[in-house]
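Residue numbers (UniProt numbering): 1 to 528.
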């Protein structure tokens, strides 16, 4: 359903919408590193495609170079009108003119070329009911009017553009999370603040058409592009053959959570206006990044709102921390690929489970499956789901290498049965594995039980299924803790190379005589 273009329909709701958007964006921050990496990949890919694969234009003979109609430093006057009509010619209406500036130097970098204004705007009844509002901005050489009907008007001395101040977005769905353990006072307050419609309304509207509501853009930034390049092909002014200065409405840093929902209760809206120059490089960079975001959204590798979260990192984050995050994200992608590769190679060549833990392979698969289901329940982008799903398949394949998998057809429903391999069941590894899992499970089950009860009592969830997944995911994340304990043990108890093993050799002797011992041991392993 396209967004409405005129009055009519309900006006929507206000503050609860923004709160829900923030909650949705917080759930998407887990994939921020993958998003940054994907944008870098897309930018490199797009560069090579445009350079080497784009179709070549046929030669058409010598071209005529065209130039900017205005000169650098030329003084300009500006008129800013607001109107509910997309086409504007009511220059005599002083009520529509909300901002007028004179003697703005064009493409001059200094305080005199940047102007700003903050004002309060009172919306009309039509605007409160999904109406439209446009900003009409005109520039002219100082001393010349922008009105074509004025006798002193000069077509080559004035130019302008129209920009919508109101945008239409799908109404955010109600937050269906609720307190599963009764309704405490705190949870009721949070639920009341975040809900836009009650559950019965939400259930009925989820199956129907998408509802669009109008949002107010509180910031309008007008940039005059500092561009005096002589082009061979461009949309030009027909009589002179040259082009007007480029007007760029810069909304790159205007995040969605700054939008204000318009409805019957809104009586006053803040509008921050700014006009200033922008370099050609920065202008093209903003356009390329926005285009990259659109490509990612069309491919499904970026969810709605992730682009705003990425911009927020640039706005509010430490620049050094940002660089580190980008480097770590790229390295994480490389290491992730290498881990998959080496894992497959090792288990594909492995012939014996002696010294390896079969239970750890099973636990690793269960942990990967839990994380995958948790990501699926939280509407994660397919890029992250794909990586997690591939890891889940690899972990299940490793179970087949570590254990015997058989299909039991004795019952009505075929079942998978797992049996230890002889090389694992007949050595000390299984005994130590059982002891380690026994005591580790005591600690994990206690911590998970405490965390689950706390989450059930004080946090809100969409369903009991979501609560179970959240609790199990917390259990999986505790294995980071185990990795830190492992690193401490490696540091506190280093390998003693002088200790004699069960074969009567020390560490140094084993290295010296490895050529004699290894073939026999390898043959023994292959028989298992």
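Ideal Cβ placement from N, Cα and C applies to all residues, glycine included.
CA nearest to the CA of residue i, picked from the options
i: residue 216; options: 377, 270, 241; result: 270
i: residue 259; options: 88, 298, 317, 214; result: 214
i: residue 162; options: 469, 83, 103; result: 83
i: residue 72; options: 364, 245, 80; result: 245
i: residue 357; options: 67, 308, 242, 435; result: 435
i: residue 345; options: 368, 374, 384, 401; result: 401
i: residue 211; options: 169, 248, 223; result: 169
i: residue 227; options: 385, 152, 109; result: 109
i: residue 157; options: 80, 221, 75; result: 75
i: residue 218; options: 412, 167, 224, 178; result: 167
i: residue 253; options: 137, 118, 314; result: 314
i: residue 308; options: 443, 322, 290; result: 290
i: residue 117; options: 101, 65, 130; result: 101
i: residue 263; options: 93, 468, 125; result: 125
i: residue 455; options: 180, 324, 433, 366; result: 180
i: residue 365; options: 377, 354, 388; result: 388
i: residue 391; options: 370, 331, 265; result: 370
i: residue 458; options: 385, 178, 141; result: 178
i: residue 135; options: 129, 222, 113; result: 222
i: residue 231; options: 225, 220, 224, 243; result: 243
i: residue 132; options: 165, 490, 477, 112; result: 165
Residue i, enclosing alpha helix (DSSP H) - first and last residue
i: residue 336; result: 319-349
i: residue 312; result: 306-316
Counted within 10 angstroms of its Cβ, other Cβ atoms place residue i as buried (16 or more) or exposed
i: residue 277; result: buried
i: residue 280; result: exposed
i: residue 382; result: exposed
i: residue 123; result: buried
i: residue 146; result: buried
i: residue 495; result: exposed
i: residue 351; result: exposed
i: residue 485; result: exposed
i: residue 374; result: buried
i: residue 20; result: At residue 20, the pLDDT of 38 sits below 50, so the modelled position is not reliable; the number obtained from the coordinates is stated separately. Buried, because 16 or more other Cβ atoms sit within 10 Å of the Cβ of residue 20.
i: residue 241; result: exposed
i: residue 368; result: buried
i: residue 81; result: buried
i: residue 302; result: buried
i: residue 467; result: buried
i: residue 288; result: exposed
i: residue 320; result: exposed
Paired residues, beta bridge with residue i - DSSP
i: residue 136; result: 81, 162
i: residue 178; result: 461
i: residue 170; result: 212
i: residue 75; result: 105
i: residue 261; result: 215
i: residue 221; result: 274
i: residue 439; result: According to DSSP, which records beta bridges pairwise, residue 439 is partnered with nothing at all.
i: residue 243; result: 68
i: residue 477; result: Bridge partners of residue 477: none, in fact.
i: residue 150; result: In the DSSP output, where bridge partners are listed per residue, residue 150 has none listed.
i: residue 226; result: 279
beta-carbon residue i near the ligand FMN non-hydrogen atom, thresh 6 angstroms
i: residue 350; result: The ligand FMN is absent from the structure shown, which contains no ligand whatsoever.
For residue i, the first and last residue of its enclosing beta strand (DSSP E)
i: residue 70; result: First-last for residue 70: undefined, no H or E at that position.
i: residue 372; result: No beta strand (DSSP E) holds residue 372; the alpha helix (DSSP H) holding it covers 358-377.
i: residue 249; result: 247-249
Problem set entry | Sequence ranges, beta strand (DSSP E) only - wholly within the region 388-434, length at least 3 | 403-408, 415-420
Problem set entry | Completely contained alpha helix (DSSP H) runs for the region 266-297, where each covers 4 or more residues | none
Exercise. Which ranges does the beta strand (DSSP E) cover as unbroken runs of at least 3 residues, wholly within the region 90-143, from first to last along the chain?
Worked result: 97-105, 115-121, 134-141
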